[in-house]
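Before any comments, here is the structure.
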Amino acid sequence: MQESVKLKTIDEYIGTCSKEIQPKLRKLRQIILDASPELTEKVSWNMPTFYFKGNVIHFAAHKKHIGLYCGAETVKIFSNILHSYKTSNGTIQISNDRELDIDLIQNIVRFNIEGNRNK
């Protein structure tokens, strides 16, 4: 993706990514949206962002992985499930050759929605 271009939609973002990863990004987007009808989409920090009373989750394509940016507390809460993923403060890396875990992603999204709802 070109970092200097200001993107306005998630479709634009996905269109800037390699053709090989685009289907996976579209699937990830749908998995996130299917987690809750309350989510809205936007582009924030030039990344696809899903919002409900605050940011819920972002994602970004990288050369060898997709980064899910869900917050440090969320990564800590889900750490027992994330042991096979590379994680850092608030980030989960999903290798490009790994299948998307629908249940895990949707549970993370729902957890963050509830956190935003209770703020």
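Numbering-wise (the UniProt record's numbering), the sequence shown opens with residue 1 and increments by one.
We put the beta carbon where it would ideally sit given N, CA and C, even for glycine.
- No Cβ-Cβ contact shorter than 7 Å links Ile-113 with Ser-44.
- Taking the Cα of Val-5 as reference, the smallest distance to any Cα among Asn-46, Ala-60, Asn-107, Gln-30 is reached at Asn-46.
- Comparing alpha carbon positions, the residue from Tyr-69, His-83, Ala-61, Thr-40 closest to Asp-97 is Ala-61.
- Counted as a single uninterrupted DSSP element, the beta strand (DSSP E) harbouring Lys-42 occupies residues 40-44.
- Contact annotation: Gly-90 and Gly-71 have beta-carbon atoms nearer than 7 Å.
- When secondary structure is reduced to three states using DSSP, Thr-9 falls in the coil class, being assigned neither helix nor strand.
- By the Cβ neighbour-count rule, Pro-23 is exposed, with fewer than 16 other Cβ atoms within 10 Å of its own.
- Apart from the 5 residues on each side of it in sequence, Arg-110 sits with its Cβ closer than 7 Å to the Cβ of Ala-35, Ser-36 in its chain, given in chain order.
- Counting only the Cα atoms, Cys-17 lies some 19 Å from Ile-32.
- Residue pairing by DSSP places Ser-88 opposite Thr-91 in a beta bridge.
- Within a 10 Å sphere around the beta-carbon of Ile-81 sit fewer than 16 other beta-carbons, which makes this residue exposed.
- Under DSSP, no beta-bridge partner is assigned to Gly-71.
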